[in-house]
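Going by UniProt numbering, 204 is the number at position 204 of the sequence shown; the sequence numbering is gapless.
Single-structure report; data block below.
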Amino acid sequence: MPSDPVTLMLAQRSGGSTVVDPEQAAQLRAEYGFDQPVWRQYLGLLGRALHGDLGRSVQTGEPVIGLIGQALPQTVEIAVFALIVAVPLGVALPVLSALTGNSLLRGLLDSIPAFGVAMPSFWVGILLLQLFSFHWAVFPSTGNQGFAALVLPSLTLAVPTAAVLAQIVGRGIRENLRRNYVELVRAKGAGRVRVVLRHLLRNASLPALTVTGLLVANLLGGAVVVETVFARAGLGQLTVTAVTNEDLPVILGLVVLSAAVYAAVSLLLEVVYPLVDPRAAGARRAAGRA
């Protein structure tokens with residue numbers, strides 16, 4: 001079996017032959033920088049990335065940034081629609097649990113997020129395919145064409161995302177129920193709906209905001225499994241192909257993209273959080289004066 005990208009590329013060019021010209025292999029390793037330590041390759045890639053250059057694919061010779069640019073819109077589509085489904089669902093479940101007076105129904109609603117977290121994404125995807133593509137033929141099973149092709153992949157990504165969010169919001173609501181301000185609001189005559197929606201949900205949403213930001217970045221990683229199950233040509237399929245072919249420039253380019261997404265989301269949270277929670281802004285101003 002070939003043990004490095006250059007050997008694999010030369011074997012493919014020669015029709016599968018395992019006999020490799022050492023001089024040609026050395027020349028290609030020097031051309032792609034594979035003769036350097038991995039850490040130096042990575043640092044070099046970061047430096048070139050600042051100028052929009054992520055190198056070229058070993059397998060196709062195309063610019064890595066072009067390959068990522070072609071695949072990125074497909075993954076972003078899934079991630080956006082998954083988030084549109086996951087956020088309302090992740091908030092609605094704990095809110096309904098807090099509003100209901102039926103202990104049996106409350107227990108059922110509280111158990112749904114745990115099941116959602118425990119179910120692997122590929123299993124959810126296969127189950128949705130079996131029901132809505134093969135059995136009822138409502139949505140297409142594969143492909144990138146049209147809105148209908150987005151539904152099942154987006155739902156597959158939305159289930160674990162909504163489950164995690166529901167757990168965080170539900171825990172926040174239960175913790176705030178024991179706070180003194182809740183008793184004060186109730187003493188003033190506020191009903192259950194007003195207490196939950198106006199007071200509990202707002203405070204419980206603060207930690208959920210941070211988690212949602214991280215989940216947004218994590219959706220790119222979840223796309224690897226989803227796009228494999230639904231045969232979509234996105235970043236997930238590009239990642240699988242690059243790893244299978246040992247296409248190191250593409251792999252490193254995807255790593256840089258993931259790091260950039262996490263950094264951008266973290267920066268956005270730093271800006272948004274004080275706007276949502278005035279206490280955080282006050283703490284920062286106090287720290288600045290000190």
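Note that CB positions come from ideal geometry on N, CA and C, so glycine has one too.
On a predicted model such as this, the values are computed, not experimentally measured, just so you know.
Buried or exposed by the 16-neighbour rule on C-beta atoms within 10 Å, applied to residue i
{"i": "P5", "result": "buried"}
{"i": "A204", "result": "buried"}
{"i": "R232", "result": "buried"}
{"i": "Q59", "result": "buried"}
{"i": "D176", "result": "At residue 176 the sequence reads Asn, which differs from the Asp that was named. That one is buried."}
{"i": "M1", "result": "Note that M1 scores a pLDDT of 40, beneath 50, so its modelled location is shaky; the value from the coordinates is reported in the next line. By the 10 Å Cβ count, M1 comes out exposed."}
{"i": "S154", "result": "buried"}
{"i": "T239", "result": "buried"}
{"i": "T244", "result": "exposed"}
{"i": "G253", "result": "buried"}
{"i": "L50", "result": "exposed"}
{"i": "A114", "result": "exposed"}
{"i": "L131", "result": "exposed"}
{"i": "A242", "result": "buried"}
Closest residue to residue i among the options (Cα-Cα distance)
{"i": "I251", "options": "R48, A11, L152 and R56", "result": "R56"}
{"i": "P120", "options": "A163, L109 and L89", "result": "A163"}
{"i": "Q167", "options": "L152, V117 and G61", "result": "V117"}
{"i": "I126", "options": "L215, V225 and A11", "result": "V225"}
{"i": "I78", "options": "G66, E31, T60 and L219", "result": "L219"}
{"i": "A217", "options": "T161, V243 and L201", "result": "T161"}
{"i": "W123", "options": "Y262, L152 and V196", "result": "L152"}
{"i": "A71", "options": "V240, G234 and S103", "result": "G234"}
{"i": "G143", "options": "F230, G222 and V272", "result": "F230"}
{"i": "R194", "options": "L99, G66, G222 and P274", "result": "L99"}
{"i": "L215", "options": "V272, G61 and Y262", "result": "Y262"}
{"i": "V276", "options": "A264, V243, P207 and V159", "result": "P207"}
{"i": "F81", "options": "L201, L197 and V159", "result": "V159"}
{"i": "S266", "options": "L209, V138, R202 and I112", "result": "L209"}
{"i": "L201", "options": "L96, H51 and T7", "result": "L96"}
{"i": "E62", "options": "R40, Q36 and Y32", "result": "Y32"}
Alpha-carbon to alpha-carbon, residue j and residue i
{"i": "T75", "j": "V169", "result": "27 Å"}
{"i": "W136", "j": "L128", "result": "10 Å"}
{"i": "F34", "j": "D247", "result": "11 Å"}
{"i": "R48", "j": "L89", "result": "41 Å"}
{"i": "H199", "j": "G172", "result": "11 Å"}
{"i": "P73", "j": "A260", "result": "16 Å"}
{"i": "V107", "j": "V87", "result": "In the sequence as presented, Val is not what sits at residue 107; that position holds Gly. Distance between the alpha carbons of G107 and V87 is about 21 Å."}
{"i": "G44", "j": "G69", "result": "21 Å"}
{"i": "D110", "j": "T156", "result": "20 Å"}
{"i": "A104", "j": "V38", "result": "As written in the sequence, residue 104 is Leu, which differs from the Ala given in the question. The straight-line gap from Cα to Cα measures roughly 56 Å."}
{"i": "V91", "j": "V196", "result": "12 Å"}
{"i": "Y181", "j": "G191", "result": "14 Å"}
{"i": "L184", "j": "R178", "result": "11 Å"}
{"i": "L54", "j": "Q145", "result": "29 Å"}
{"i": "L102", "j": "G52", "result": "Note on residue identity: the sequence assigns Asn, not Leu, to residue 102. Approximately 57 Å, taken between the alpha carbons."}
{"i": "V85", "j": "R40", "result": "42 Å"}
{"i": "A30", "j": "T7", "result": "13 Å"}
{"i": "G66", "j": "A264", "result": "21 Å"}
{"i": "L83", "j": "E270", "result": "20 Å"}
Contact set for residue i: own chain, Cβ-Cβ below 8 Å, skip 5 residues either direction
{"i": "L268", "result": "G213"}
{"i": "L10", "result": "V20, D21, Q24, A25 and L28"}
{"i": "G236", "result": "T75, A223, V224, V225, V226, E227 and T228"}
{"i": "Q36", "result": "G44"}
{"i": "R211", "result": "Position check: residue 211 holds Val in this sequence, whereas Arg was assumed. Only V164, L165 and I168 meet the Cβ criterion."}
{"i": "I112", "result": "L93, A163 and A166"}
{"i": "R186", "result": "V195"}
Paired residues, beta bridge with residue i - DSSP
{"i": "R56", "result": "P63"}
Cut-off 7 Å between Cβ atoms - residues of its own chain near residue i, not counting five sequence neighbours on either side
{"i": "P140", "result": "S133, A148 and A149"}
{"i": "P94", "result": "A166, V169, G170 and I173"}
{"i": "S258", "result": "L220"}
{"i": "L46", "result": "V256"}
{"i": "V64", "result": "L54, G55, R56, S57, P249, V250 and G253"}
{"i": "Y42", "result": "L252"}
{"i": "V138", "result": "F132"}
{"i": "K188", "result": "none"}
Min CB distance residue i to chain B below 9 Å
{"i": "G191", "result": "Absence of chain B from the displayed structure is noted, only one protein chain being present."}
Near the ligand COA: residue i beta-carbon under 8 Å from a heavy atom
{"i": "E77", "result": "You won't find the ligand COA in this model; it holds no ligand whatsoever."}
Own chain residues within Cβ distance below 6 Å of residue i, not counting five before or after
{"i": "V272", "result": "none"}
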